[in-house]
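Below is one structure; the comments refer to it alone.
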Amino acid sequence: MKKIINSGNRLYVGNIPGSATRQELIKIFEEYGKISDMDIKYNRNSNGTNYAFIEYENPKSAEKTIQKRNGRKFKGYMLKVEYSIEKKNRDLNDIYRSEYRVVVKHFPRFFKNIKEFLSRAGKVLYIHKDNGFIIAEYEDKESMIKAINTLDRTIYNSKRKVYVRVFKDIPYDYSDVNLIDYTMVFSSTKNENITPKELN
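What follows is the structure, encoded as structure tokens:
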């Protein structure tokens, strides 16, 4: 677990066109200040877009980036730029964020108690919802593993055999030419060896 001071430094950038390279993103976002970290997630969204977490050295750079880039088009796609943590936490000096993240897909829109559902596996530090998937951060590795082992393939429509999918948020390196679309791999519902659980 790592400690992040000045939590307002970190941004979530969504709806990034799949053709955008890391170098292009750095060039765009460095216009507003020095970047200390950029974590790009590839092949996550069904519409072919990616998303990223960008951390600036100066909180004012993050604020300016939101003002200048949120809602603006990049390669034909309208970017979504916002703080990566809940607003109520942004004013705290010390924010603890874990590296134990899971991605949740196919979660029914009508099911409101998302945090309660995920908390069955352990303490949830943060939840972000966007474009039909959810990113959740757990306090420890054991909780993340428990979520994958016990919450994955929770069924919410037995007639259509539709399942909630829970899997580890795998970081990608854009320099890897053999990128795999993990969305397709983990979204399959045809594995007969896994017993579904009822969502309640």
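Taken in order, the sequence shown gives residues 1336 to 1535; the numbers are from my numbering.
Where is the CB? At the ideal position from N, CA and C, for every residue including glycine.
Proximity to residue i [Cα-Cα], best of the options
i, options, result
"Val1501", "Lys1362, Ile1469 and Lys1476", "Ile1469"
"Arg1455", "Lys1440, Pro1443, Ile1480 and Glu1434", "Ile1480"
"Lys1464", "Met1373, Lys1458 and Ile1449", "Ile1449"
"Gln1358", "Asp1374, Phe1452, Lys1458 and Arg1345", "Asp1374"
"Gly1383", "Ala1482, Ala1355 and His1441", "Ala1355"
"Tyr1461", "Val1437, Pro1443, Pro1352 and His1441", "Val1437"
"Asp1487", "Lys1403, Phe1364, Asn1385 and Val1439", "Val1439"
"Ile1344", "Lys1403, Glu1398 and His1441", "Note that residue 1344 is Asn in the sequence shown, not Ile. Answer by Cα proximity: Glu1398."
"Gln1402", "Glu1366, Asn1393 and Val1416", "Val1416"
"Lys1376", "Gly1353, Phe1364, Lys1395 and Ser1396", "Gly1353"
"Phe1442", "Phe1364, Lys1362 and Val1499", "Val1499"
Residues sharing a beta bridge with residue i, DSSP
i, result
"Glu1390", "Arg1345 and Asp1372"
"Ile1483", "None, per the DSSP bridge assignment."
"Asn1385", "Ile1351"
"Ala1471", "Val1437 and Ile1462"
For residue j and residue i, believed in contact at Cβ under 8 Å, the rounded distance
i, j, result
"Glu1472", "Tyr1418", "Contact flag wrong, Cβ pair sits at about 15 Å."
"Leu1414", "Asn1484", "Actually they do not touch by this definition, with Cβ atoms about 36 Å apart."
"Lys1458", "Ser1478", "6 Å"
"Lys1369", "Tyr1347", "In fact, because the Cβ distance is near 19 Å, the residues do not count as touching under 8 Å."
Opening and closing residue of the beta strand (DSSP E) in which residue i lies
i, result
"Glu1359", "Element bounds for Glu1359: not the beta strand (DSSP E) but the alpha helix (DSSP H), Arg1357 to Phe1364."
"Glu1417", "Lys1415 to Tyr1418"
DSSP three-state assignment for residue i, whether helix, strand or coil
i, result
"Phe1409", "strand"
"Tyr1377", "coil"
"Phe1442", "coil"
"Asn1448", "coil"
"Glu1477", "helix"
"Ala1397", "helix"
"Lys1403", "helix"
"Asp1429", "A caution first: Asp1429 carries a pLDDT of 34, below 50, which makes its placement in the model unreliable, though a value can still be read off. Strand, per DSSP."
"Arg1455", "coil"
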